[in-house]
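Down below is the structure, laid out as structure tokens.
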Amino acid sequence: MTLIATESLTKVYGGEVTALSDLTVAVEPGIVGLVGANGAGKSTLIKLLLGLLTPTRGRIQVLGLDPTVDTAAVRARVGYMPEHDCLPPDLSAAELVTHLGRISGLPRTIARERASEALRHVGLHEERHRPVGGYSTGMKQRVKLAQALVHDPDLLLLDEPTNGLDPAGRDAMLALVQRIGTEFGISVLVCSHLLGEVERICDTLVAIDGGRLLRADHIAAMTTATDVLAVEVSEGTEALAARLAALDLPVGREGRLLLVPLADQGTYDLILGAVAELDLPLHRLDQRRHRVAELFARRENSHV
Amino acid sequence: MSEPTGVIHDIGYQRYTGPRLGRREVFGALYLHGVRTAFGLGRSAKAKIFPWLVVGIVLMVAAAVTAIRSQIGEVIMTYAQFADAMSWLVIFFVAVAAPELVSRDLRSGVLPLYFSRPLPHADYPLAKLLALVTALFLLLGAPQLLMFLGAAFTADGISGVWDELLDLLPGLLYAGLWAVVFASIGLLVASMTGKRAFAAGGIVAVFLMTTPIVGILSVLPSQAANQLAGIASPPTLVQGVGLWTMHDLLVTESNTADLDLGAFGPVYALVAVALVAGCVALLLARYKKVAAR
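Written out as structure tokens, the structure reads:
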């Protein structure tokens, strides 16, 4: 089943501001990263997915349902974690998540049980009975995640879940999201303006910019093709390049480095063999995993 | 040596396959939560002080009226007059409860958490409104019930109790009218701002600032203006409707109403209905806008 599918999706605010333009994308269940700079249309897409906005043109489907028509059915199966502060400071996390669980349609006692379960899964234990106002940013983010999880959705929409967190907090939050996506069996759409963050945990990556689709693909398809070996020798770089070319390896140059696409483990042996035969002092030989960022680098730079 | 009787396992995440309740139950949960919030239940001790102070005062007044009646047999207040006499307390109660119900949620930004759930956007304000109406009705109705119980126990026979009941029911209806009018105005004002102090001030202002208009209109040389003066302010508007529908219960020898409606009684009723309808429509429009944000 397709998790999210859009077809020529367009959203224009007030007839002037185009937030999304002709977006056609289909993603499979799993952890989906939605990346784009601020103002790229990420939040607009989330609101369309929740049925909070209606598309100006085009169609949108979530879990096989149209959120503009079957709004309640979609929302019953989706959990939403907003980007901004949304927690009343005087309520305890347990009270708030229980209450929101009831608003999602859980019976009273079940809402209470699932609220403490959800809070336990995000790592809040005894402190859940204290007022949220005294929580750290990291704890607040966890409460926001727990309230999205309390009614056991099939899809979580997380808008910038690592916002305001320190590096350790970011890692913990990303690990949690990854656990939800893999162990809990819940699909997750993670929005972020930081590509480096989401690419670590997601299966599928959707990049949008200025309301348009840049690229949507499995993360594996984006990275494996670009793995290269970087070779550096203290001297005889030219000789080695000629030798590798003679071995039918497409050699690229980057300063003092020779870049060789990694076809299989045999590539290592060929390079090491060539270096040994020429008796060159090998300085380094390592695998460079191209980060997805480089795929978008050219386009992103033009907008920074 | 005894065997361990229980072992704690981390059973991991459990999917939920049980029932998911429908719109009516969700509305009920939100409504009940609202009624509790209005009285500060489930809130900090600080939030309980004011509502229960007001509840304490109205119950004490009711107890005093009942006691005097049973001792010297004089009726100081009819059931319907009770709501009129307590009008300022009701206004203050609304000024505290309405911001607690809606302004707090606007301020904390919690609304996206509600509107991303299977809750139609009109249900949120309607549940809050109904909760405030209920709270006000309880505030005015409970003391009347106390007065009734006091009177019923001292009444002669079943017919005396029946007479009392016939007096109580219009009184409760009148309390309901107070509740509906004040709740819809108060909640609309409170829904405009996330600052509770501003909302409370705004609510008191709506009731306070309109009172002088009534005063001015009632001294104008036109009789029609005098008789329509009460429409300008919510408390006198409600009193006007009361006077028109149950004149005998509101006007007694000890308590003559200073409001003269002339033939404009139905106008008061129509304006009251229009006022409530207008407030509810504006409230719904307000939340339609808020929900899409």
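Chains as they are written, first to last, in UniProt numbering: chain A, 1 to 304; chain B, 1 to 293.
All C-beta atoms, glycine included, are put in the ideal place defined by N, C-alpha and C.
For residue j and residue i, believed in contact at Cβ under 8 angstroms, the rounded distance
i	j	result
B:I203	B:A95	4 angstroms
A:L9	A:I46	About 12 angstroms; that fails the 8 angstroms criterion.
B:G279	B:I185	A small fix is needed here, since residue 279 of chain B is Cys in this sequence, not Gly. Right, the Cβ-Cβ distance comes to about 6 angstroms (below 8 angstroms), so this counts as a contact.
B:P143	B:V58	5 angstroms
A:L247	A:A274	7 angstroms
A:T44	A:A19	4 angstroms
A:G41	A:G211	4 angstroms
B:L132	B:L173	In fact, because the Cβ distance is near 18 angstroms, the residues do not count as touching under 8 angstroms.
B:E164	B:A175	Actually they are not in contact, since the Cβ atoms of B:E164 and B:A175 sit about 16 angstroms apart, beyond 8 angstroms.
residue 346 of chain B	B:L89	Outside the modelled stretch of chain B, which goes from 1 to 293, sits residue 346 of chain B, for which no answer is possible.
Reduced DSSP secondary structure (H/G/I, E/B, other) of residue i
i	result
B:L149	helix
A:Y13	strand
A:L280	coil
A:V25	strand
A:L20	strand
A:N301	Because the pLDDT of A:N301 is 45, which lies under 50, any placement of that residue in the model is unreliable, and the number read from its coordinates should be weighed accordingly. In this structure, A:N301 counts as helix in the three-state DSSP scheme.
B:P212	helix
A:S187	strand
B:W19	As written in the sequence, residue 19 of chain B is Pro, which differs from the Trp given in the question. Of the three classes helix, strand and coil, the one that applies to B:P19 here is coil, per DSSP.
A:V122	coil
B:A274	helix
B:V204	helix
A:P92	The question names Pro, but residue 92 of chain A is Ser in the sequence shown. Three-state DSSP puts A:S92 in a strand.
B:K195	coil
B:Y13	coil
A:M173	helix
A:S136	coil
A:I180	helix
A:E113	helix
B:I49	helix
B:L284	helix
A:C86	coil
B:S222	coil
B:R293	coil
B:F264	coil
A:E199	coil
B:M77	coil
B:G230	helix
A:A167	For the record, residue 167 of chain A in the displayed sequence is Pro; it is not Ala. Correct three-state label for A:P167: helix.
B:R43	coil
A:D269	helix
B:L119	coil
B:C279	helix
Residue i - partner residues in DSSP beta bridges
i	result
A:Q61	A:A5
A:D286	A:A230
A:V206	A:L34, A:A216
A:M81	A:L158
B:Y70	According to the sequence provided, residue 70 of chain B is Ser. The question's Tyr does not apply to it. B:S70 is not bridged to any residue.
A:S192	A:V35
A:P131	A:S92
Boundaries (first-last residue) of the beta strand (DSSP E) holding residue i
i	result
A:L157	155 to 159
A:R253	252 to 254
A:V260	257 to 261
Limits of the unbroken alpha helix (DSSP H) element including residue i
i	result
B:L114	The displayed chain sequence assigns Tyr, not Leu, to residue 114 of chain B. Residues 111 to 115.
B:E25	23 to 38
B:P235	234 to 245
B:G176	157 to 190
B:F92	87 to 98
B:L106	104 to 108
A:N163	Unbroken run through A:N163: none, as it is neither H nor E.
A:L48	42 to 49
A:R243	237 to 246
A:A73	71 to 76
Within chain D, the residues that residue i reaches when beta carbons sit closer than 8 angstroms
i	result
B:R36	Any reference to chain D falls outside this structure, whose protein chains are A and B.
Open item on the list: Below 8 angstroms, how does it come out for the segment 189 to 205 of chain A and the segment 32 to 39 of chain A: are there three or more Cβ pairs, yes or no?
Closed with: yes
Task: the segment 107 to 127 of chain B contacting the segment 71 to 80 of chain B, beta-carbon criterion three pairs below 8 angstroms - done: no
Open item on the list: Under 8 angstroms, with one C-beta from each stretch per pair, do the segment 104 to 117 of chain B and the segment 17 to 25 of chain B reach the 3-pair mark?
Closed with: no
Open item on the list: Under 8 angstroms, with one C-beta from each stretch per pair, do the segment 268 to 277 of chain B and the segment 237 to 249 of chain B reach the 3-pair mark?
Closed with: yes
- [ ] Count the C-beta pairs between the segment 115 to 129 of chain A and the segment 228 to 245 of chain A that are closer than 8 angstroms, then say yes if the count reaches three, no if not.
- [x] no
Task: Segment contact, 8 angstroms Cβ cut-off, at least three pairs: the segment 139 to 153 of chain B with the segment 49 to 63 of chain B - done: yes
TODO: May I ask you to verify whether the segment 150 to 157 of chain A touches the segment 122 to 137 of chain A, counting CB pairs closer than 8 angstroms and requiring at least 3?
DONE: no
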